[in-house]
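Right, one structure below, let's go through it.
Number of protein chains: 2
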Amino acid sequence: MEQSKTDPRVLRTRKLIMDSFMELSSKKEFKDITVKDITAEAVINRATFYYHFEDIYDLLEKVLSEVLLVNLDGDYYQNYELNEEALINIFKAITNFQKSLSNRCHRGYEDTIARIIREQLEVIFHKMLLKQRPTEDVQAQKVTAVMLSWGIYGASVEWRRSSKEISPEEYIHSAIPYIMKGIDLGDAD
Amino acid sequence: MEQSKTDPRVLRTRKLIMDSFMELSSKKEFKDITVKDITAEAVINRATFYYHFEDIYDLLEKVLSEVLLVNLDGDYYQNYELNEEALINIFKAITNFQKSLSNRCHRGYEDTIARIIREQLEVIFHKMLLKQRPTEDVQAQKVTAVMLSWGIYGASVEWRRSSKEISPEEYIHSAIPYIMKGIDLGDAD
DNA sequence: GTAGATTTGTTGGTTATACAACACATTTAG
DNA sequence: CTAAATGTGTTGTATAACCAACAAATCTAC
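Chains as they are written, first to last, in full-length UniProt numbering: chain E, 1 to 189; chain F, 1 to 189.
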């Protein structure tokens, strides 16, 4: 699963850059952060930044992906069944993630963030489905994963828009029967 | 004073190694720490260790020197007069330093540690004397610095051996008149 | 608008670190 | 005691990171 050995220099430098970016994100908005700021904070050469990232938007994507993965990874994501509990946990992770983002100001990049979340969800759902139903057509699983990722993400958006009087757990709970029924109709094994 | 620009890679790597060594020192005795342990903890290549340090004893020296300098530097060390207050502060710094060492087990290396402390003290005293009496013969100042470093260090040893019923300040205070008088006899300006 | 300053990507040459392999020394086990 | 295992210090080669310099784009001020 993990690429067995990456040069430790690469790991160190990436971590330095990402940590510095997150540090700066807690002080300024994304639009006010320059590559120079980041490399100065990290005390690395600016050329080294471009060795690892296309540009600052690429960095944003990778940082967000990683933070989201950390939010999810601790709970399941690998070797877990796509059941009610998993769906609730994933939904909670997303709402938590978005809450942590609202502190760091990324105004104007909601679309990017939304796309990243959906892409990550899609990967996770697809892996879980693969494990759960190894026999099924892969294309069907991909489409299912896409729809689940959009659906779960959309639900999190609506929950944020709502009065938030009900907890994320309760919110998603009411929808789960429909999701599971849909999943179960496929070919429960 | 400071070498204006050192390669940031060097600074990072040295810090990694030194921090890892201090971390390990809080868990094991010095004699049980190998170069491999350190480089594994720091996640650097073992060859890189030897690029920066002769061997593990060289590392010990440099770490101790740096820790001691940090203990001292905050207070004076530069641009300060070698007066009663300075002597008391230096003495306190040494006793503090040795107290912090007794937690990390360096049994069997007391001689090395003692030498390092005396060497650092000698440098500091010499600098202070140079600033205080720019006209005086350099050789005389060097000898004075040597004697002061041995004297102050010896006093700290005796204080540790004592019942420690009196504070470091009090202990050194009683000796200061003799030290200062000796200094003053030279050529007070 | 324009000029100056800052930021962005990119490049070529240099240096530090990674890595694997080695001979040798020291420790550990039987 | 011997043999295996572990640690030490060194070397050659590959690569990541540094640095300075550059043209082009973008931002600022006037």
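Each residue gets a CB set at the ideal place from its N, CA and C atoms; glycine is no exception.
For the C-beta of Val10/E, not a single chain F residue is nearer than 7 angstroms; the gap to the nearest is close to 12 angstroms. For Ile17/E, the enclosing alpha helix (DSSP H) has its first and last residue at 8-25. Residues of the region 33-49 of chain F with a C-beta less than 9 angstroms from any C-beta of chain E: Val43, Ile44, Asn45, listed in chain order. DSSP, reduced to helix, strand and coil, places Glu165/E outside both helices and strands of the structure shown, so it counts as coil. Between Tyr171/F and Ala155/F, the CB-CB gap stays under 9 angstroms.
Between Gln120/F and Glu81/F, the gap from beta carbon to beta carbon reaches 9 angstroms or more. Distance from the CA of Val146/E to the CA of Glu122/E, rounded to the nearest whole angstrom, comes to 6 angstroms. Here Leu69/E has Gln120 as same chain residues with Cβ atoms under 7 angstroms from its own Cβ, once five neighbours each way along the sequence are excluded. If you look at Glu136/E, you'll find it isn't in any alpha helix (DSSP H); DSSP assigns it neither H nor E. No residue range can be given for Glu54/F, since it is assigned to no alpha helix (DSSP H) and is classified by DSSP as neither H nor E.
Leu16/E sits away from Ala40/E, with the two beta carbons spaced by 9 angstroms or more. Annotation for Asp37/F: the continuous alpha helix (DSSP H) segment containing it runs 35-42.
In this structure, the beta-carbon distance from Asn45/E to Pro168/F does not fall below 9 angstroms. For Leu82/E, the secondary structure class from DSSP, reduced to helix, strand or coil, is coil. A straight-line Cα-Cα distance of about 24 angstroms links Val143/E and Lys62/E. Across the structure, Glu165/F and Ser102/F are spaced so that their CA atoms are roughly 19 angstroms apart. Excluding sequence positions up to five before and after Asn96/F, its CB lies within less than 8 angstroms of the CB of Asn71, all in the same chain and listed in chain order.
The closest CA to that of Ile90/E, considering only Asp55/E, Met128/E, Arg115/E, is found on Met128/E. Within a 10 Å sphere around the beta-carbon of Tyr153/E sit 16 or more other beta-carbons, which makes this residue buried. The straight-line gap separating the alpha-carbon atoms of Ser65/F and Ala93/E is approximately 48 angstroms. Rounded to whole angstroms, the gap between the alpha carbons of Thr135/E and Tyr51/E is 41 angstroms.
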